[in-house]
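In terms of our numbering, the numbers along the sequence shown are unbroken and rise by one, the last being 172.
Everything below concerns the one structure shown next.
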Amino acid sequence: MQRKNFHFGRAQYVKYPAIYSMEAFLLWDNLVSRYDIIHVTQLYLNAIHDVDFKLIMKKGLMAILEKQVNILEQKMDLYHLPLPDRPPKSVKFFLTGNVVNDEYVYHKLFKGIQNSIDGLVKSVVSFVYNDDLRRLFFEFLQKELEVYDDLCKYGKLKGWMRNPPLIPANGG
Numbered sequence: 001m002q003r004k005n006f007h008f009g010r011a012q013y014v015k016y017p018a019i020y021s022m023e024a025f026l027l028w029d030n031l032v033s034r035y036d037i038i039h040v041t042q043l044y045l046n047a048i049h050d051v052d053f054k055l056i057m058k059k060g061l062m063a064i065l066e067k068q069v070n071i072l073e074q075k076m077d078l079y080h081l082p083l084p085d086r087p088p089k090s091v092k093f094f095l096t097g098n099v100v101n102d103e104y105v106y107h108k109l110f111k112g113i114q115n116s117i118d119g120l121v122k123s124v125v126s127f128v129y130n131d132d133l134r135r136l137f138f139e140f141l142q143k144e145l146e147v148y149d150d151l152c153k154y155g156k157l158k159g160w161m162r163n164p165p166l167i168p169a170n171g172g
């Protein structure tokens, strides 16, 4: 007898859980995306000078990205899908001059999170048949929206938000 991924009693084989090809691709694609984001985040950490911003980036890397990567790798294993290559554990280099500053990194991060939210929304609505994966990606989306909200507030506090021109209330 088999219940989900647990097998009880005697049998010649274990029936693995099924997954649709689109859902398998979304798992793989989201894992690759997080690997890339981890790699870029490690690069940017070398360029950041602001202590608070560096802490925010490290928190996002360790508490959010690495945790989500572990969950996605477990799901890939559950469905017996091949794992993509992982990025290096750490990336160290030294920047001389002001080629990359904190505000530039902030804007790249801000745009990256906006793109990530778009991708997560598409993933959530694409997981039509697999309720567990849809629920998981909905949780990822909620977390990303929380990070986005915090990043908006931080950017305003630092004066890094690019403000569009204001139109006077009287219309002219």
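Just so it is clear, CB atoms sit at the ideal spot from N, CA and C, and this is done for glycine as well.
For clarity, every value in this text was computed on a predicted model and none was experimentally measured.
Query	Result
If distances are taken between C-alpha atoms only, which option among H80, E144, D29 and Q114 comes closest to Y16?	H80
When you compare only the Cα positions, how much space is there between W28 and F93?	29 Å
In or out: G159 buried (at least 16 other Cβ within 10 Å) or exposed?	exposed
Output the distance between the C-alpha atoms of Q42 and D52, rounded to the nearest integer angstrom.	16 Å
Tell whether a beta-carbon distance below 9 Å holds between V124 and L145.	no
Alpha carbons only, please: which of I38, L133, H49 and D50 is nearest the one belonging to E66?	I38
Do the CB positions of A47 and V91 come within less than 9 Å of each other?	no
Pick from D118, G155 and D149: whose alpha carbon is nearest that of F138?	D118
Can you tell me whether K111 is buried or exposed? The criterion is at least 16 other CB atoms within 10 Å of its CB, across all chains shown.	exposed
What's the call for M57, buried or exposed, on a 16-neighbour Cβ count within 10 Å?	buried
Under the three-state reduction of DSSP, which class applies to S90: helix, strand or coil?	coil
Under the rule that 16 or more other beta-carbon atoms within 10 Å means buried, what is I167, buried or exposed?	exposed
If you reduce the DSSP assignment to three classes, tell me which class F138 lands in.	helix
Is the Cβ-Cβ distance between Y44 and V100 less than 9 Å?	yes
In terms of residue numbering, what span does the alpha helix (DSSP H) encompassing Y104 cover?	D102 to S126
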